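*Asks:* In my numbering, the protein residues as written are -5 to 242.
Note that beta-carbon positions come from the ideal geometry of N, C-alpha and C, so glycine has one too.
Bear in mind that the values here come from a model prediction, so they are computed numbers and not experimental data.
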């Protein structure tokens, strides 16, 4: 029978876990960095009316948002940031596996099963939120803000950094928002919330959803606000159903 690990042994194992995860993230980022043309073809696609979302929504208006560079190192640094984000996104299953591998020895069998379900569901919902942002929310936002003018005499001069920072920031935000069903399921399992309570506060939740949607997409376009609020409201309704099933 092996001797139990000491605190320092656990700390050393955690350090190894973090180092392995960082190495894989950096390697994935390097691969993404080398695939510059393909990477930025995906990143820059929503700025043109040829993007798939505009065609599916029947938006016939032809437009193309032109981006500019204002700093000597801006394009190179933007390339690095986007590549690292892509690397983190693609390497995240391995990172989650390493973290689960670190904590699983201290869990009982039923706890490991629950942890596996939580981690898998959280990752799937984060990816779903990221894709929803890329294919729906961000294109509508960038189309409105990128083409909005207070006067024809004032031309929009958008920078590459502003564009990519907005895309990455909104992707993280929507990924986090889409964790709502997972969080509610955990709270329901712990007895902090119930389906009846969430149903009773549905109107309050709708107001909160509209506020969050307005923060995510700071536009005056009611259609874009609706497009953002609708999936979040659906997530809330799904969360109610999940909590009811858990509490039944």
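1. Report the residue from 64, 93, 85 and 51 whose alpha carbon sits nearest the alpha carbon of residue 5.
2. Would residue 136 and residue 49 be called neighbours here (beta carbons separated by less than 8 angstroms)?
3. On the three-state DSSP scale, how would you describe residue 101?
4. Using the Cα positions of residue -5 and residue 99, report the straight-line distance between them to the nearest angstrom.
5. Are residue 243 and residue 161 touching if we call contact CB-CB under 8 angstroms?
6. If distances are taken between C-alpha atoms only, which option among 238, 166, 157 and 34 comes closest to residue 186?
7. Can you check whether the CB of residue 23 is closer than 8 angstroms to the CB of residue 58?
8. With the cut-off set at 8 angstroms, would you say residue 61 and residue 152 are in Cβ contact?
9. Looking at the structure shown, is residue 181 part of a helix, part of a strand, or coil, going by DSSP?
10. Please list, in chain order, all residues of the same chain as residue 82 whose beta carbon is under 6 angstroms from its beta carbon, the five residues on each side excluded.
11. Do residue 167 and residue 236 have their C-beta atoms within less than 8 angstroms of each other?
12. Here's the rule I'm using: 16 or more other beta-carbon atoms within 10 Å means buried, otherwise exposed. How should residue 56 be labelled?
13. DSSP on residue 85, reduced to helix/strand/coil?
14. Which whole-angstrom value describes the C-beta separation of residue 118 and residue 80, a residue pair presumed to lie in contact below a C-beta threshold of 8 angstroms?
15. Going by other Cβ atoms of all chains shown within 10 Å of its Cβ, with 16 needed for buried, is residue 66 buried or exposed?
16. To the nearest angstrom, how far is the alpha carbon of residue 142 from that of residue 9?
17. Apply the 10 Å Cβ neighbour rule to residue 192 and answer buried if 16 or more other Cβ atoms are within range, or exposed otherwise.
18. How is the alpha helix (DSSP H) around residue 241 delimited, first residue to last?
19. So what's residue 152 in DSSP terms, helix, strand or just coil?
*Replies:* Short version:
1. Residue numbering aside, residue 5 sits at position 11 when the chain shown is read from its first letter. Among 64, 93, 85 and 51, the Cα nearest to that of residue 5 is on 93.
2. For the purposes of this step, residue 136 is taken as the residue at position 142 of the chain shown. For the purposes of this step, residue 49 is taken as the residue at position 55 of the chain shown. The beta carbons of residue 136 and residue 49 sit no closer together than 8 angstroms.
3. Taking the chain shown and counting its residues from 1, one reaches residue 101 at position 107. Three-state result, residue 101: coil.
4. Sequence index remark: in the chain shown, residue -5 carries index 1 (1-based). Sequence index remark: in the chain shown, residue 99 carries index 105 (1-based). Its pLDDT being 45, under 50, residue -5 is placed unreliably in this model, and the value from its coordinates should be taken loosely. Their backbone Cα atoms lie some 15 angstroms apart in a straight line.
5. This structure does not reach residue 243, given that the chain is present from -5 up to 242, and the question cannot be answered.
6. Taking the first residue of the chain shown as position 1, residue 186 is located at position 192. Looking at the Cα atoms, 238 is the closest of the given residues.
7. As a first step, residue 58 is located in the chain shown; it is residue number 64 there, counting from the start. As a first step, residue 23 is located in the chain shown; it is residue number 29 there, counting from the start. In this structure, residue 23 does not lie closer than 8 angstroms to residue 58 by Cβ.
8. Taking the chain shown and counting its residues from 1, one reaches residue 61 at position 67. Taking the chain shown and counting its residues from 1, one reaches residue 152 at position 158. Yes; because the gap between Cβ atoms is below 8 angstroms, this pair is in contact.
9. Looking up residue 181 in the chain shown gives position 187. Helix.
10. In the chain shown, residue 82 corresponds to position 88, counting from 1. These residues qualify, in order along the chain: 19.
11. Sequence index remark: in the chain shown, residue 167 carries index 173 (1-based). Sequence index remark: in the chain shown, residue 236 carries index 242 (1-based). Not a contact, by the Cβ cut-off of 8 angstroms.
12. As a first step, residue 56 is located in the chain shown; it is residue number 62 there, counting from the start. Under a 10 Å Cβ-count criterion, residue 56 is classified as exposed, with fewer than 16 other Cβ atoms of the shown protein chains found around its own Cβ.
13. The residue you call residue 85 lines up with position 91 of the chain shown. Per DSSP, reduced to three states, the secondary structure at residue 85 is helical.
14. Residue numbering aside, residue 118 sits at position 124 when the chain shown is read from its first letter. Residue numbering aside, residue 80 sits at position 86 when the chain shown is read from its first letter. Rounded to whole angstroms, the Cβ separation of residue 118 and residue 80 is 18 angstroms, and the two are not in contact under 8 angstroms.
15. The sequence position of residue 66 within the chain shown is 72, counting from 1. Exposed.
16. Residue mapping note: residue 142 aligns to position 148 of the chain shown, counting from 1. Residue mapping note: residue 9 aligns to position 15 of the chain shown, counting from 1. When only Cα atoms are considered, residue 142 and residue 9 end up about 49 angstroms apart.
17. Counting from 1 along the chain shown, the entry for residue 192 is found at position 198. Here residue 192 is buried: its Cβ has 16 or more other Cβ atoms, across all protein chains shown, within 10 Å.
18. The count along the chain shown starts at 1 and reaches residue 241 at position 247. Per DSSP, residue 241 belongs to the alpha helix (DSSP H) from 216 to 241.
19. For this step, residue 152 is matched to residue 158 along the chain shown. Three-state DSSP puts residue 152 in a strand.
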